[in-house]
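Peer 1: FYI, my numbering numbers position 313 of the sequence shown as 414, with every residue one higher than the one before it. For every residue, glycine included, the Cβ atom is placed at its ideal position computed from N, Cα and C.
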Amino acid sequence: MRIESISFQNYRNLAETTLFPCEGVNIIYGNNAQGKTNMIEAMWLFCGGHSFRTQSYRELIAFDKSFARLECVFIGQNRRQTASMTIESSKRQIKINGVKKKTSASLIEKFCAVVFSPENLSLIKRGPAERRSFIDSAICREKLRNAQTLQRYNRLLKQRNALLKHIAHSDTARGTLDLWDEQLTAIGAAIVRQRLDFIRMISEKAAVFHQGISHGKETLSLRYVSSFGAEENDSPERLKEKFLEKCAANYPNEILTGSTLSGAHRDDMEIWINGKNARFFASQGQQRSAVLSLKLAEASVLRERMGENPVILFDDVLSELDNERQDYLLNELRGCQVFITCCEKFNKEQLSEGKVFYVEGGVVDALSAF
Ligand code: ATP
Ligand code: MG
Numbered sequence: 102m103r104i105e106s107i108s109f110q111n112y113r114n115l116a117e118t119t120l121f122p123c124e125g126v127n128i129i130y131g132n133n134a135q136g137k138t139n140m141i142e143a144m145w146l147f148c149g150g151h152s153f154r155t156q157s158y159r160e161l162i163a164f165d166k167s168f169a170r171l172e173c174v175f176i177g178q179n180r181r182q183t184a185s186m187t188i189e190s191s192k193r194q195i196k197i198n199g200v201k202k203k204t205s206a207s208l209i210e211k212f213c214a215v216v217f218s219p220e221n222l223s224l225i226k227r228g229p230a231e232r233r234s235f236i237d238s239a240i241c242r243e244k245l246r247n248a249q250t251l252q253r254y255n256r257l258l259k260q261r262n263a264l265l266k267h268i269a270h271s272d273t274a275r276g277t278l279d280l281w282d283e284q285l286t287a288i289g290a291a292i293v294r295q296r297l298d299f300i301r302m303i304s305e306k307a308a309v310f311h312q313g314i315s316h317g318k319e320t321l322s323l324r325y326v327s328s329f330g331a332e333e334n335d336s337p338e339r340l341k342e343k344f345l346e347k348c349a350a351n352y353p354n355e356i357l358t359g360s361t362l363s364g365a366h367r368d369d370m371e372i373w374i375n376g377k378n379a380r381f382f383a384s385q386g387q388q389r390s391a392v393l394s395l396k397l398a399e400a401s402v403l404r405e406r407m408g409e410n411p412v413i414l415f416d417d418v419l420s421e422l423d424n425e426r427q428d429y430l431l432n433e434l435r436g437c438q439v440f441i442t443c444c445e446k447f448n449k450e451q452l453s454e455g456k457v458f459y460v461e462g463g464v465v466d467a468l469s470a471f
């Protein structure tokens, strides 16, 4: 998959223009606050209609304008296709190959990309919620139905927590808890099974990418940490049993706290580098390399599903990485179209093949291709 051209009109600070990136590595460089991330964000929007920076579509429209429009011509499923997006106040209109689409889900099926932005570093350093959300958004891309399953789980969880609080005051409601447990554990088991499958799929790939980025110096491994003892080879039925057993064991404490103390919502994924938990021991460069390896592994899973490489969008990825690690990202991701933004004046010698764009005040210039 690759972007052949992308046009911006009234999009954040970007001047009206059309870019023609190359098939390989595209470097977008410029000083701070010139529009580099805005460009990456615009490309990412074609992957499902959501920004990685905001939920408000209004923010995407240039300050003094009433609408923004993006158009992307891309090669996907071996043919040239067009997607356009018009954003007006809080509404969006999406067209794919000239046909209006009601939902952004239609974009996910057509255009495929993986994005890294510096906020993703929280995947390593912050709490389990960030890591769960990385896995959950990946399994939702794998199967759109998973998004509904997760929503149902969260709804049931809220209802069960409300019931626990109620039981603390009146034990008569105790009888209905079993019904909620039955549903919650069945759905929770299905989610955990999907997560375990996904982690199994990406661990090996992420380890290979991390070896590459660190030039063989570091070993990365991933481990699902379950709050109810889920193990890699457990069937959904076994997972449900374990979850139910844990609910029964936790019951007295759950009544005291009014919350469900184990389940898919309490699980985590540990990321280990050279036998140490990255959350506590990884350096800045190691954290960045680990997140990049996870993202590239995700891209590899997508390639298997879509039958073609997703577009790789790397915002501000090179800082904190030494030359060897930068070299891997610039020159070793063969067969993929890659966009990399950076602040420093880009040293062309570092890139064996690609195209360089310079951004200043929202104006993008294609400098050179080699
Ligand atoms: P850095 O290197 O610091 O990350 P950047 O080149 O990635 O900088 P962007 O995040 O792309 O910078 O933002 C560029 C500018 O776009 C910012 O100064 C911001 O104020 C401006 N901007 C953001 N939203 C809008 C908007 N809706 N209309 C006009 N300008 C906007
Ligand atoms: Mg930026």
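Could you check whether the Cβ of THR138 sits closer than 7 Å to any heavy atom belonging to the ligand MG?
Peer 2: Yes.
Peer 1: Here's a check: name, in chain order, each residue in its chain whose Cβ is nearer than 8 Å to the Cβ of VAL215, leaving out the five neighbours to either side.
Peer 2: LYS396, LEU397, GLU399, ALA400, LEU403, PRO411, VAL412, ILE413 and LEU414.
Peer 1: Could you tell me which whole beta strand (DSSP E) segments of length 3 or greater appear in the stretch 324 to 362?
Peer 2: Taking only runs of at least 3 residues, no beta strand (DSSP E) segment lies wholly in the stretch 324 to 362.
Peer 1: According to DSSP, which residues form a beta bridge with SER185?
Peer 2: In DSSP, SER185 forms a bridge with GLU172 and LYS196.
Peer 1: Per DSSP, which residues does VAL126 bridge with? Please list them.
Peer 2: Answer is VAL439, bridged to VAL126.
Peer 1: I need the DSSP call for GLY408, collapsed to helix, strand or coil.
Peer 2: Coil.
Peer 1: List in chain order: all unbroken beta strand (DSSP E) runs of 3+ residues lying wholly within the stretch 368 to 423.
Peer 2: Runs of the beta strand (DSSP E) inside the stretch 368 to 423: 369 to 374 and 412 to 415.
Peer 1: How many Å lie between GLN312 and LYS306 at the Cα?
Peer 2: One C-alpha to the other measures close to 10 Å.
Peer 1: Counting only runs that start and end within the stretch 109 to 169, where is the beta strand (DSSP E) found for 3 or more residues in a row?
Peer 2: If we require 3 residues or more, the beta strand (DSSP E) runs fully inside the stretch 109 to 169 come out as 118 to 120 and 126 to 130.
Peer 1: What do you reckon, are the CB atoms on ILE225 and TYR254 nearer than 8 Å?
Peer 2: No, the Cβ-Cβ distance between ILE225 and TYR254 is not below 8 Å.
Peer 1: Considering only heavy atoms of the ligand ATP, does any lie closer than 7 Å to the CB of GLN110?
Peer 2: No - the ligand ATP has no heavy atom lying nearer than 7 Å to the Cβ of GLN110.
Peer 1: Taking 7 Å as the cut-off, is the C-beta of ASP417 nearer than that to any heavy atom in the ligand ATP?
Peer 2: The answer is yes for ASP417.
Peer 1: How close, in whole Å, do the beta carbons of GLU124 and ARG181 come, if the pair is a contact with beta carbons under 8 Å?
Peer 2: Rounded, the Cβ-Cβ distance is 14 Å, inconsistent with contact.
Peer 1: Where does PHE299 sit, in a helix, a strand or coil, going by DSSP?
Peer 2: In this structure, PHE299 counts as helix in the three-state DSSP scheme.
Peer 1: Output needed for THR155: all residues of its chain with C-beta closer than 8 Å, excluding positions within five of it in sequence on either side, in chain order.
Peer 2: Cβ neighbours of THR155 beyond the five flanking positions: LEU161.
Peer 1: Starting from GLY177, follow its DSSP beta bridges and name the residues at the other end.
Peer 2: Bridge partners of GLY177: ARG180.
Peer 1: From what residue to what residue does the alpha helix (DSSP H) around ALA365 run?
Peer 2: No alpha helix (DSSP H) contains ALA365, which DSSP labels as neither H nor E.
Peer 1: Could you have a look at PHE212 and say whether DSSP puts it in helix, strand or coil?
Peer 2: Of the three classes helix, strand and coil, the one that applies to PHE212 here is coil, per DSSP.
Peer 1: Over what stretch of residues does the beta strand (DSSP E) that includes GLU461 continue unbroken?
Peer 2: GLU461 -> beta strand (DSSP E) spans 456 to 461.
Peer 1: Cβ atoms of CYS444 and ASN132: under 8 Å apart, would you say?
Peer 2: It is a contact, given that the beta carbons lie within the stated cut-off.
Peer 1: Would the stretch 196 to 210 and the stretch 142 to 150 be scored as touching if the rule is three or more Cβ pairs under 8 Å?
Peer 2: The stretch 196 to 210 is in contact with the stretch 142 to 150.
Peer 1: Output the boundary residues of the alpha helix (DSSP H) element that contains HIS270.
Peer 2: Here the alpha helix (DSSP H) through HIS270 covers 246 to 270.
Peer 1: Mapping DSSP to helix, strand and coil, what is ARG227?
Peer 2: Three-state result, ARG227: coil.
Peer 1: Decide if the stretch 421 to 441 is in contact with the stretch 114 to 130; the criterion is three or more beta carbon pairs, one per stretch, under 8 Å apart.
Peer 2: Because the criterion of three Cβ pairs below 8 Å is met, the stretch 421 to 441 and the stretch 114 to 130 touch.
Peer 1: Assuming contact is defined by CB atoms lying nearer than 8 Å, are PHE121 and PHE175 in contact in what I supplied?
Peer 2: Cβ atoms of PHE121 and PHE175: not closer than 8 Å.
Peer 1: Under a Cβ-count criterion, where at least 16 other Cβ atoms within 10 Å of its own Cβ denotes burial, should THR320 be classed as buried or exposed?
Peer 2: By the neighbour-count rule (16 or more Cβ atoms within 10 Å), THR320 is not buried but exposed.
Peer 1: When DSSP builds the beta bridges, which residues end up paired with ILE107?
Peer 2: Answer is LEU120 and CYS173.
Peer 1: Compute the Euclidean distance between the alpha carbons of LYS377 and ALA383, then round it to the nearest angstrom.
Peer 2: Taking the straight line joining both Cα atoms gives about 8 Å.
Peer 1: Is SER315 helix, strand or coil when you go by DSSP?
Peer 2: Of the three classes helix, strand and coil, the one that applies to SER315 here is coil, per DSSP.
Peer 1: Cβ-heavy atom distance between ASN116 and the ligand ATP below 7 Å?
Peer 2: Checking the sequence shown, residue 116 turns out to be Ala, not Asn. It does not: the Cβ of ALA116 is nowhere closer than 7 Å to a heavy atom of the ligand ATP.
Peer 1: Using 8 Å for Cβ pairs, my map puts LYS347 next to ALA290. What's the rounded Cβ distance?
Peer 2: With a Cβ gap of about 11 Å, LYS347 and ALA290 do not count as contacting.
Peer 1: Under 8 Å Cβ to Cβ from ASP417, same chain only, skipping five residues before and after it: list those, please.
Peer 2: Correct list, in chain order: LYS137, THR138, SER218, PRO219, THR442, CYS443 and CYS444.
Peer 1: Quick one: is the Cβ of GLN451 within less than 7 Å of any heavy atom of the ligand ATP?
Peer 2: The answer is no for GLN451.
Peer 1: Quick check on LYS306: does DSSP put it in helix, strand or coil?
Peer 2: Residue state, collapsed to three classes: helix.
Peer 1: Alpha carbon to alpha carbon, what distance is there between ILE107 and MET144?
Peer 2: When rounded, the distance between both Cα atoms is 8 Å.
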